Amino acid sequence: MLTNSFTGETAELIIDGKGYRLPIIMGTEGERAIDIRLLRAQSGYVTLDSGYMNTGSCLSEITYLDGEKGILQYRGYSVEDLAEQCSFVEVAYLLVNGSLPTRDELKNFSHMLGKYALLHEDMVHFFDRFPPNAPPMSILSSMVNSLCTFYPEMVNNPLEKIDKMTARLISKVRTVAAFSYKKSMGHPLVYPRHDLSYCANFLNMMFDSPVNPYEVREEVVRALNKLLILHGDHEQNCSTSTVRLVGSARVNLYASISAGISALWGPMHGGANQAVVEMLEEIYLNGGDYKRYIERAKDSKDPFRLSGFGHRVYKTFDPRSKIIKQVCDEMLNALKLSDPLLDIAKEIERVVLKDEYFIERHLYPNVDFYSGIIYRAIGIPKNMYTVMFALGRLPGWIAHWKEMWDDPNWRIGRPRQIYTGPKLRPFVPIDQRSSA
Ligand code: SDX
Numbered sequence: 451m452l453t454n455s456f457t458g459e460t461a462e463l464i465i466d467g468k469g470y471r472l473p474i475i476m477g478t479e480g481e482r483a484i485d486i487r488l489l490r491a492q493s494g495y496v497t498l499d500s501g502y503m504n505t506g507s508c509l510s511e512i513t514y515l516d517g518e519k520g521i522l523q524y525r526g527y528s529v530e531d532l533a534e535q536c537s538f539v540e541v542a543y544l545l546v547n548g549s550l551p552t553r554d555e556l557k558n559f560s561h562m563l564g565k566y567a568l569l570h571e572d573m574v575h576f577f578d579r580f581p582p583n584a585p586p587m588s589i590l591s592s593m594v595n596s597l598c599t600f601y602p603e604m605v606n607n608p609l610e611k612i613d614k615m616t617a618r619l620i621s622k623v624r625t626v627a628a629f630s631y632k633k634s635m636g637h638p639l640v641y642p643r644h645d646l647s648y649c650a651n652f653l654n655m656m657f658d659s660p661v662n663p664y665e666v667r668e669e670v671v672r673a674l675n676k677l678l679i680l681h682g683d684h685e686q687n688c689s690t691s692t693v694r695l696v697g698s699a700r701v702n703l704y705a706s707i708s709a710g711i712s713a714l715w716g717p718m719h720g721g722a723n724q725a726v727v728e729m730l731e732e733i734y735l736n737g738g739d740y741k742r743y744i745e746r747a748k749d750s751k752d753p754f755r756l757s758g759f760g761h762r763v764y765k766t767f768d769p770r771s772k773i774i775k776q777v778c779d780e781m782l783n784a785l786k787l788s789d790p791l792l793d794i795a796k797e798i799e800r801v802v803l804k805d806e807y808f809i810e811r812h813l814y815p816n817v818d819f820y821s822g823i824i825y826r827a828i829g830i831p832k833n834m835y836t837v838m839f840a841l842g843r844l845p846g847w848i849a850h851w852k853e854m855w856d857d858p859n860w861r862i863g864r865p866r867q868i869y870t871g872p873k874l875r876p877f878v879p880i881d882q883r884s885s886a
């Protein structure tokens, strides 16, 4: 139940000499908003806010972030604590259910993840029909949507079975990701195992093979757990807002999540982790002259932007990027690996953080700047980096879909607009028309 947050105060809007009083609401951490839900009914006016830079779409109890202070909390716990102390499965449970699991709850949730790890064998055959170079995010979105065809019972009374749907999705999306990789390589599928943890299972399904057994390294499992935790949720970002908007039409969870996967694919959003590594590779292959790329990013006439930098909300360090940079160092040291791309990335960060252009615009490394380098060291191909982002973000998407579905104030999402097209004009029969 989302509590009302009215403060009793109001804001006064004066339009054409008439005053309109609008309630002020306040969140747990003191965020304040003007509640404009009655604005159009009272004044006939709507607001315009392209990109929703200033517009809150809902009340939510899931994630709190402060872009000025670089704070990120899931259900009141700091991501720093969660990344250090928890497994991804624990945090997935926290995001969806609102509290950290007891040992028994965690054991039961892990058991359900194991139970639902297999794909229906008919679904496995879908992979045979995708072209070999099919983008993994397209496969992921299609496969998640097709879950509705295999589990139609989840469509009719979703909240009764939300626990089963949650476990089914979180487990099967991991299997789909690994199977899509094996299929793209032309290698035999490696099925999930009951004796492995969530992340260890994923790594084994990705890299084990009948001729070359894969050794699951604890350092890699720990790094992957932290990465997935740090991607767990991020309040009303583009893909989460997509899941909420699609779900607000009472669309089932699987199809709503499939829409979120498509939104995350964009290079301005979750696709940035792949764009970062492609940018670093290009710099490396062109002799390492990263300063030329920084100058290009500053040139308003050049569409090039420094992938992995900047954020709609964070106007200081993205707290996730600090942890991911540390995870990167730790894992590469543990595996006795070095990566020239990491050296270039650190140089870019060092130079950019002292550059007026970036300082003035509050552009800092975001969650995507270092994550791709970790995936690269693990051996995950570039075109699967955003799939990894989706694996991490899935519990957050589910939590928001469930919160929206549960919300007594739920309304179908339907923004307004301001029309700027032609005024009413007489119809013109086709033979009297001239090309514009
Ligand atoms: C994610 O919303 C979330 O929470 C997203 C996310 C999550 O967890 O869900 O955090 C994940 O999507 C992280 C962001 C990944 N994207 C990138 O790294 C792509 C590169 N970054 C940008 O394109 C940009 O910073 C955005 C898209 C992230 C934010 O864009 P905004 O908020 O619309 O900012 P803007 O485009 O208005 O930029 C403001 C100024 C502009 O300059 P001026 O016109 O004022 O002169 O900053 C400049 C921009 O040109 N700018 C950049 C830049 N990002 C912004 N200049 C160079 N390089 C960049 N990366």
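Quick note, the sequence shown lines up with residues 451 to 886 if you use this note's numbering.
Built from N, CA and C at the ideal position, the CB exists for glycine as well.
For clarity, every value in this text was computed on a predicted model and none was experimentally measured.
In terms of Cβ geometry, isoleucine 823 and aspartate 789 form a close pair [threshold 7 Å]. Inclusion of methionine 718 in the 6 Å shell around ligand 1 follows from its C-beta lying nearer than that to a non-hydrogen atom of the ligand.
With fewer than 16 other beta carbons inside 10 angstroms of its own, glutamine 867 counts as exposed. Around the beta carbon of serine 630, 16 or more other beta carbons lie within 10 angstroms, which makes this residue buried. For leucine 646, no alpha helix (DSSP H) run applies, since DSSP gives it neither H nor E. In the displayed model, glycine 697 falls within a helix according to three-state DSSP. Rounded to the nearest whole angstrom, the C-alpha separation of arginine 875 and arginine 864 is 28 Å. In the structure shown, phenylalanine 754 adopts coil according to DSSP, grouped into three states. Residue environment analysis places isoleucine 880 among the exposed positions, since fewer than 16 neighbouring C-beta atoms fall within 10 angstroms of its C-beta.
Within the same chain, Ala542, Leu619, Ile620, Val623 and Ile707 come within 8 Å of leucine 844 by CB-CB distance, once the 5 residues on both sides are set aside. Proximity of the beta carbon of serine 691 to ligand 1 is not indicated: no heavy atom of the ligand is located closer than 6 Å.
Distances between the C-beta of asparagine 687 and the heavy atoms of ligand 1 include at least one below 6 Å. For the pair alanine 567 and threonine 625, the CB atoms are nearer than the 7 Å cut-off. In the three-state reduction of the DSSP assignment, alanine 673 falls in the helix class, which pools H, G and I. Shown here for proline 585: same chain residues with a beta carbon closer than 7 Å to its own, the five before and five after excluded, namely Asn833 in chain order. Closest in alpha carbon position to glycine 720, among Ser507, Leu556, Tyr835 and Leu550, is Tyr835. In the structure shown, the three-state DSSP call for threonine 766 is coil. Not one heavy atom of ligand 1 sits closer than 6 Å to the Cβ of phenylalanine 576. Among the bridge pairs identified by DSSP, glutamate 511 is matched with none. Among the bridge pairs identified by DSSP, isoleucine 484 is matched with Ile474.
As DSSP reads the structure, glycine 469 sits in a beta bridge with Ile464. Per DSSP, the unbroken beta strand (DSSP E) holding leucine 522 starts and ends at 521-524. A check of alpha carbon separations from serine 712 across Ser537, Leu590 and Lys557 identifies Leu590 as the nearest.
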